[in-house]
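Residue numbers in the sequence shown follow the numbering used here, run continuously in steps of one, and reach 481 at the last position.
Before any comments, here is the structure.
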Amino acid sequence: MAVNEELIDVRRLMAESSLEELNRLAEEYFSRLSDWNFHLAKPFGSIDETAQLLINFAVVLQGLSLCPEMTVLEFGAGTCWASRYLTQLGCKVIATDVSPTALEIGRELYNRQPIVGEKPEPQFLLFDGERFNLPDACVDRIICLDAFHHVPNPPKVLSEMARVLVEGGIAGFAEPGPEHSHSPQSQYEMKTFNVIENDVVIEDIWQQAQSAGFTNIKLAIFNVPTFHLTLDDFNDFLAGGEALQRWAQATRDFLQNQRNFFLYKGEDVISDSRFRTGLMGEIKIAPDRLSAREGEPITLRATVTNTSKSLWLPRSAGLGAVQLGCHVYDADGKLLHHSYHWEALTPGEGRPILPGQTVSFEVRVPALPVGSYILEFDLVSNDVCWFALNGSGQIRVTANVN
């Protein structure tokens with residue numbers, strides 16, 4: 080026979096629980112674990128949870144507009160599985176949580192699953208529930224995956240997030256919705272562990288975020304539950320038919336209790352060449368046919384225009400530095416050297432190239448052996464992409480070396 084119990088009122092629980100007590104309970108949960116393997120395996124610890132964990136992570140990852148070398152704070156990192164992925168992507172990660180044991184499990188995760196290649200070392204930061212032990216404007220992005228609804232003091236935490244974010248920074252969240260505290264799992268968690276399972280009312284959060292200094296909010300539209308179609312229905316979906324309406328209804332149903340959202344601090348900062356999206360340029364090379372002597376560099380004149388909306392970083396920037404690259408083919412079009420030479424767009428350490436700006440400069444391609452060649456020129460952003468991958472035009476020059 081089912082036992083009828085009064086539902087726990089999360090607002091009352093928050094009012095009756097001190098911050099110190101909630102921090103103690105969070106630490107107690109992790110410190111009582113006799114086996115860390117489930118948490119070390121996240122997001123692959125449970126088949127039932129994996130898809131939603133990965134989809135939520137992917138949706139937030141897309142919205143954060145990350146690039147390597149950005150400093151990213153993971154709020155409520157728990158056992159740090161998302162922090163580890165962000166480290167692998169080249170971000171400078173600060174994993175923060177109120178539980179020392181959770182962060183210790185996170186350190187063990189990094190030890191057991193070492194990062195591939197040379198990446199920035201993560202920082203593990205204990206949070207007291209009120210203030211990050213960090214200076215103002217020191218992080219580029221904040222990521223929060225299913226942690227904000229455990230917070231008993233949302234206005235204070237949002238204020239801290241705004242404080243440590245740089246101008247133009249973004250905080251991305253994956254959270255449940257406005258009826259979260261009433262779900263069977265939430266009631267179980269609150270009764271069993273006395274944890275906060277707060278409702279996420281986005282209108283309240285936005286009001287609090289504005290008071291904290293955030294200037295914009297956007298919400299993600301997506302769906303997690305399986306939605307598969309027959310071939311006929313798929314074509315009907317693409318044509319805007321009834322199948323599209325079924326998908327829209329399924330998405331609305333899912334989003335009733337899911338809120339993935341992004342808070343923005345300050346004015347939008349112009350994108351730059353560390354980000355692949357939209358990188359385009361126009362190249363002009365003169366002459367288009369030439370002869371050169373064996374052992375001497377091939378000298379040409381290039382004019383390049385930034386036709387994108389992104390700032391091109393100079394050679395001194397390292398990551399995202401835009402240069403003019405040269406591929407070498409033989410006379411029959413067979414690729415000989417994919418990345419034979421890169422030429423800086425401006426002298427010395429270089430200077431940024433603004434959208435719409437044009438620069439002209441000399442190109443000195445290193446000497447090639449005697450023969451006939453096709454030199455293909457394309458713009459390239461260091462460790463990001465060749466512009467041709469975005470559909471940007473390339474220029475070919477015929478060169479005979481005698």
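For glycine and all other residues, C-beta sits at the position ideal for the given N, C-alpha and C.
(request) Please list, in chain order, all residues of the same chain as G470 whose beta carbon is under 8 Å from its beta carbon, the five residues on each side excluded. (result) Non-local beta-carbon contacts of G470 in its own chain, meaning distances under 8 Å to residues more than five positions away in sequence, involve M359 in chain order.
(message) Contact defined as beta carbons within less than 8 Å: I believe F75 pairs with I249. What is the distance between those atoms, to the nearest angstrom?
(response) Since the first residue shown for the chain is 80 and the last is 481, residue 75 is missing from the structure and cannot be characterised.
(message) Quick check on the burial criterion: 16 or more other C-beta atoms within 10 angstroms. Buried or exposed for N481?
(response) With fewer than 16 other beta carbons inside 10 angstroms of its own, N481 counts as exposed.
(request) For the alpha helix (DSSP H) holding K297, just list the boundary residues, first then last. (result) For K297, there is no enclosing alpha helix (DSSP H); the residue is found in the beta strand (DSSP E) stretching over N295 to L298.
(request) Answer with buried or exposed for T378, where buried requires no fewer than 16 other C-beta atoms within 10 angstroms of its C-beta. (result) The residue is exposed, with fewer than 16 neighbouring Cβ atoms inside 10 Å.
(request) Round the Cβ separation of Y343 and N302 to the nearest angstrom and send it over; I've been treating them as touching at under 8 Å. (result) Between the beta-carbon of Y343 and that of N302 there is about 24 Å, and that puts the pair past the 8 Å contact cut.
(request) Identify every residue that forms a DSSP beta bridge with K363. (result) Answer by DSSP bridge pairing, in chain order: T382.
(message) Pop quiz: D457 and H406 are said to be a contact at Cβ under 8 Å. What is the actual Cβ separation, rounded to whole angstroms?
(response) Between D457 and H406 the beta-carbon gap is near 7 Å, inside 8 Å, which marks them as a contact.
(message) Here's the rule I'm using: 16 or more other beta-carbon atoms within 10 Å means buried, otherwise exposed. How should S387 be labelled?
(response) It is buried - the Cβ of S387 has at least 16 other Cβ atoms within 10 Å.
(message) Pull the bridge partners of S439 from the DSSP assignment, please.
(response) DSSP, once it has assigned bridges, lists T382 as partnering S439.
(message) Pull the bridge partners of C464 from the DSSP assignment, please.
(response) S460, per the DSSP bridge assignment.
(message) Are the CB atoms of A181 and A156 within a distance shorter than 9 Å?
(response) Contact flag set, yes.
(request) Please list, in chain order, all residues of the same chain as E107 whose beta carbon is under 6 Å from its beta carbon, the five residues on each side excluded. (result) Nothing listed; no residue qualifies.
(request) Evaluate A81 with the Cβ neighbour count: other Cβ atoms within 10 Å of its Cβ, from every protein chain shown; 16 or more gives buried, anything less gives exposed. (result) The predicted position of A81 is uncertain, since its pLDDT is 49 and thus under 50; no value can be drawn from it.
(request) Look at the Cβ atom of F252, then the Cβ atom of F206, and state whether they are nearer than 9 Å. (result) With respect to the 9 Å criterion, F252 and F206 are not classified as neighbours on the basis of their beta carbons.
(request) Would you identify the three-state DSSP class for T129, choosing helix, strand or coil? (result) In the structure shown, T129 sits in a helix (DSSP, three-state: H, G or I).
(request) Answer with buried or exposed for G307, where buried requires no fewer than 16 other C-beta atoms within 10 angstroms of its C-beta. (result) It should be noted that the sequence gives His, not Gly, for residue 307. Classification of H307: exposed, given that the 10 Å Cβ count is below 16.
(request) Under 6 Å Cβ to Cβ from I184, same chain only, skipping five residues before and after it: list those, please. (result) Once the five neighbours on either side are set aside, the close Cβ partners of I184 are W115, H118 and T158.
(message) Less than 9 Å between the C-beta atoms of R331 and E254, yes or no?
(response) No.
(request) Might you give, ordered along the chain, the residues of its own chain that have their beta carbon closer than 6 Å to the beta carbon of T150, omitting 5 neighbours on each side? (result) Within the same chain, T150 has close Cβ partners K171, V218 and D219.
(request) Spatial neighbours of D464 within its chain, please: CB distance less than 6 Å, with the 5 preceding and 5 following residues excluded, ordered by chain position. (result) Per the sequence shown, the amino acid found at residue 464 is Cys instead of Asp. Excluding positions up to five away in sequence, the list reads R355.
(message) Closest to N232 by C-alpha separation, out of F293, S96, F123 and K121, would be which residue?
(response) For the options F293, S96, F123 and K121, the alpha carbon positioned closest to that of N232 is the one of S96.
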